[in-house]
Every structure is written in C-alpha cells, then in structure tokens.
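Trainee: In the working numbering, the protein residues as written are 578 to 1109. Ideal Cβ placement from N, Cα and C applies to all residues, glycine included.
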Amino acid sequence: MLVAALALGGALTTAPASAAPRAAAAATASFRPVDIPMKDGIVLKADVFTPAPGTPGADRQGRYPVVVQPASWGQSDLEYVAQGRQLAAHGYVAVTYTVRGFWLSGGEIDVAGPTDVADVSSVIDWALAHTPADPQRIGMVGLSLGGGLTLMGAAFDPRVKAVAAMSGWGDLADSLYSGQTRHLGAAALLAAIQAPTGRKSPEFARVLADVFADHDMPEVVSWARTRSPATYLDRINAHGTAVFLASAWDDSVFNPSQISDFYQRLTGPKRLELRPGDHATQELTSLLGLDNLTWTSALGWLDQQLKGSGSGQHQQAVQLTVRPTGAQESYPDWQAVSSRTGHLRLGGPDLLGTGALGGPAAAGSGWQTSVVGGTDSGADAGAPVLSGLLDQVAALPPTVLVPLLPRSAGAVWQSAPYPAAQRIRGAAHLHAEVTASASEGTVFAYLYDVNALGLGKLISHAPQSWSGRQPGQAFPLDVQLFTTAYDLPAGHRLALVLDTKDPVYGGRTPLGSSVTFGSTAADPSELTLPLR
C-alpha cells in the first residue's frame, strides 16, 4: 500500500506540470519564461504573467499588485500556469518560479531554509525591477513547499502584505515528529517525489537519513524548527501580514493540528479553511485549470487584501467542511468551533476483551488490560495520500471491523450507541495510565465511528512515544489526536483502539514486550471530546 501511495503522490504533483505546456498561457495576458539570478549566483527558472493593457487593477502609474508563487515540492515553474493565467486576467502580475535544487533551477534543496527564504526576497526584488508590479501590493501564494515558503516569506520580508498558504506547514518539526514519533510515511513520500527532479544538499540528505535511522532526532527537530513559520510568528504578527491557510483533515504530510495551532497564534487578518482530503489533493483541480473551492477562496482573499475588493465572503474567519456529510460551517474564530466538552471514562475489559467507553460501565477503576508490544492490531492510519483522497472523494477513510481486532495486539473500548448525532469539533485528548516492560515505546490512538455491523471508520488518530521510563512502573500518558470535524450519526458508537505499531510511523515499542493500560480512582483514564 505504501508503494502505491508514493506512486499516486508523485502523480498528483507531477502530472499538472507536465500537462500544462507554456502554450497554455492566456491569450489576453503576456507570458514569458525568465531566468532570475540570486545573490549567490544561482539562477532560478521562472515564468511571468502580465495583465493585458487596460485590465482593471492598475494604479495611476500603471502598476498592478504582484503575486509571487514558489513551486511546490518536486515541481517546476510550469506548475502554476493555470493560476498565472487567471491571476493576470484578474489584474495581477504573477511570477512563478522553480525553487532552488529542483528541475532546471540551480543550487541544492534547502527545504525553506535561510537560502530559500533569501530567494523569496530576491524574486520580489526582480519583479519590482522588471515588471509593472506595485511595491505596496505584494502577495504570495503557494502549495505544499510553496505554502511553507509563503509563510516564511511573510516572516522575513515585511513587503509581503498578504499570503495564501495551501497544504503548507506552520511547524515542520511537528509535521515530521509529532508525539515524539517519526512520521516515516510522510518522509518517504517527500523523498520519493524529490528523487526524480531534485538535488539534495548534504544537510538535507543527512537529516533524511537520520529520520529513517532514528538517529540524532534532537538535531533533526532543531533543523526543522529553523524552517518553521511558527518559530518566527512574532515577525508575521509585527508585519501585520494577512494570512490565508487551507489544509485537509487527512493531510498525511503536514497534519491539520499544527496548522490550526499556527492559525490561532496569528494576530493579524487571517482565515482558515479545512476540508476532507490529503496532502495537496483538495487543490489538485486548480492546477488543471478547473474550478476549485480552495483556489477561488485564495483568490478572493488576495482581492480583499491587495485590492480592497471582493464579495466579503471572508467575514467569518474559519470555514470547515464536516466529515462525512460535507456540511459547511463558518465561525468567527477557532474558539467558537467547539461549544462543550465530553468526558468518556475508560472501563475494564469484558469477557470478549472490550472495555466500556463512557457510561455507567466505565465508572470503575483498578482494572488493567495488556497487549503484546510491537505487533499491529490492524487499526492503522492508512496509506499516505491514498487514504485521505478516498475520504475526500468517497467518504471512505481507513476502516476496520472492530469486533475482529485481536485484543492481544490492541486494546479496545467502545461506547453504547448514541441516540443523537455527536458533532465532534477539534482535537480529542486521551489520558491513560501505562505500564511497560521496556523503558521506551509508542502508543497509537485511533478513534472510530462504528456502525451496527461493527464496521469502524477512522475519525482521527495520533501517535505518542516515550523513553527513559522505569520498566514495570506505571506512568501517565497523554495523546492529543489530530484535529477534525466529524458528525457521528445517531445509532452509531465510538470506539477507541490503542496499539503499538503502525506501518507509516516509526514506533519504539520492542517486539514481544508488554504494554499495559489501566486506570486508578485518583487518576482515571478518559477520552475528552470537543463537541458542539
């Protein structure tokens, strides 16, 4: 499954570039390929779209707002031909460029590091000198790597007034190592897409090798922090940059929690949109020149922030597309997304090995249930890109038959059927007591929507690792599941599954070790749910 997902991930990101030849530029706007020299002598390949004479949007000097678009991971400047044409038709100068280290641009991959950030400013300098670009109306739009670079550009170049970051990241360290657990599926996907078109720097090659080998992870985290917009969020706030963020609930590369956390810390004009899908899948049709909700919203954001125009559709700062119904919800801020909190105690296992989740049967304490460490129960996060895409187009996330999950590999708790729909909004939190026979390990928490036949659809999940624990001594474990918006239908149950192995993560639990979950009266184990 992982190999298939990697192949699909490459197809999703490379197909639009190869399918959009330079002849696709709009007839009403000028289009030219250019070479843009950087301060260190490296040359970046780029395309420039300029509005046709008379296009509305120019100031008295004939200057138009300019939008800089760094290409996404593994892609070239041709990726954004459709958007460049549309931007020019709407009265923007559009400059799209291949990030250094990829395709025909010079240099080596820097992954939004200091060199990439300096390149953003150099491209802006070039645009102001060689196009009818208005220095007071500078914006950036990007997807994936380009999304991260737009936020880094906002942090380091105060000339950037508005950005639209789609399927990007706020915290790269959290994306690669949340819950102190290596996200190997994400790293493998990025490595696979980069291989045909990119040139790794020695630093990036070493970091990637360390991730796969579980070596020197503190240094990997430090490397990622310097490439995280969240590290420089005070600069973005000081600049007052208007920030538009779009992400997917199932993004297997940059999880949605890190982007919603980033959003909450912004103090300037901001908007967040979250929809079903996986990494870059919700924006895919825009790269083909087709109508796309995310791109339309991003363009509206630019119109509002750089032109002072638009329909006013951004008055509500948060828009969520609910799973699996597709319902649209708007809120003034993130704090309004959930209105109450549910507390579901974890009960001891019955004769079939299933514990109660909430209700009177979970009121007791002093129970324990054990699993064999390093074994996969069958409850998994799914395949990168593929699983999220299936959830987007068919409302089919990773599924399991909960009654058939082996209790020797995974601990299971299940609620009674709910008489009314449960509207989960935000990040669920698990608190549990753990006793392990090894000093280090990893627990994966999965929350399922279970129907009357026992078929469970994954609502959310998250990993959490530990190290340096005394074997045989109980300790508290807290797992923050990835944020989501999910409506559990009436008559369905919630199921919580805990196991110690997932194919797309790098877990630490030794094979054959013992991991025991329990609860005490003084510190009961429970699942906390954000609800509306």
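Assuming F1052 is part of the beta strand (DSSP E), what are its boundary residues?
Mentor: F1052 to Q1057
Trainee: Which whole-angstrom value is the C-beta distance of G951 and L1088, which I expect to be below 8 Å?
Mentor: The beta-carbon separation of G951 and L1088, rounded to 3 Å, stays under the 8 Å limit for a contact.
Trainee: Where do the N-terminal and C-terminal ends of the alpha helix (DSSP H) with V895 fall, by residue?
Mentor: That residue, V895, is in no alpha helix (DSSP H); its beta strand (DSSP E) goes V895 to T898.
Trainee: Count the other C-beta atoms from every protein chain shown that fall within 10 angstroms of the C-beta of P779, then say buried if there are 16 or more, exposed otherwise.
Mentor: exposed
Trainee: Should the region 794-804 be called in touch with the region 711-722, which here means at least 3 C-beta pairs below 8 Å?
Mentor: no
Trainee: Counting beta carbon pairs with one atom in the region 779-799 and one in the region 693-708, are three or more of them shorter than 8 Å?
Mentor: These segments do not touch.
Trainee: Quick one: any contact between the region 1033-1041 and the region 1099-1109, if contact means 3 or more CB pairs under 8 Å?
Mentor: no
Trainee: Roughly how many whole angstroms lie between the Cα atoms of V620 and D654?
Mentor: 13 Å
Trainee: For S985, count neighbouring C-beta atoms within 10 Å of its own C-beta (all shown protein chains included) and say buried if the count is 16 or more, exposed if not.
Mentor: exposed
Trainee: Assuming T871 and A823 are in contact, meaning their beta carbons sit under 8 Å apart, how far apart are those beta carbons, in whole angstroms?
Mentor: 5 Å
Trainee: Over what stretch of residues does the alpha helix (DSSP H) that includes Q841 continue unbroken?
Mentor: Looking at the DSSP string, the run of the alpha helix (DSSP H) that includes Q841 is P833 to R842.
Trainee: Determine, using beta carbons only, whether D1082 and R900 come nearer to each other than 8 Å.
Mentor: In the sequence on display, residue 1082 carries Tyr and not Asp. No, the pair does not count as a contact, with Cβ atoms beyond the cut-off.
Trainee: If I measure Cβ to Cβ from Q841 and keep anything under 7 Å in the same chain, skipping five residues before and after, which residues do I get?
Mentor: W911
Trainee: What's the gap between the Cα of R1109 and the Cα of S699?
Mentor: 47 Å
Trainee: Would you mind sorting V1110 into buried or exposed? The rule is 16 or more other CB atoms within 10 Å of its CB.
Mentor: The structure shown does not extend to residue 1110, since the chain is modelled only from 578 to 1109, so the question has no answer here.
Trainee: Using a Cβ-Cβ distance cut-off of 8 Å, determine whether H1069 contacts chain D.
Mentor: Checking the listed chains, one finds no chain D in this structure; it contains a single protein chain.
Trainee: Using DSSP's beta-bridge definition, name the partner residues of T1012.
Mentor: T1093
Trainee: Please give the ranges of any beta strand (DSSP E) in the region 944-999, keeping only runs that are unbroken, at least 3 residues long and fully inside the region.
Mentor: 945-949, 976-978 and 987-991
Trainee: Determine whether the beta carbon atoms of L728 and G747 lie at a separation below 8 Å.
Mentor: Their beta carbons are under 8 Å apart, which means L728 touches G747 by this criterion.
Trainee: Pick helix, strand or coil for H707, following the three-state DSSP scheme.
Mentor: Of the three classes helix, strand and coil, the one that applies to H707 here is helix, per DSSP.
Trainee: Helix, strand or coil for V694 per DSSP?
Mentor: V694 sits in a helix when the DSSP states are folded into three classes.
Trainee: Could you check if G950 belongs to the surroundings of the ligand GTP, using beta carbon to heavy atom distance under 7 Å?
Mentor: As for the ligand GTP, it is missing from this structure, which has no ligand bound.
Trainee: Judging by CA-CA distance, which residue of T1093, Q1041 and L1071 is the nearest neighbour of D1079?
Mentor: Q1041
Trainee: Where L749 and P647 are concerned, what is the direct C-alpha to C-alpha distance, given to the nearest angstrom?
Mentor: 18 Å
Trainee: Who does F607 pair with in a DSSP beta bridge?
Mentor: As written in the sequence, residue 607 is Ser, which differs from the Phe given in the question. Its beta-bridge partners are T627.
Trainee: Output yes or no for whether 8 Å exceeds the beta carbon distance between V645 and V611.
Mentor: Going by beta carbons, V645 and V611 fall outside the 8 Å limit.
Trainee: Flag this pair as yes or no: are the beta carbons of L883 and P1048 separated by less than 8 Å?
Mentor: no
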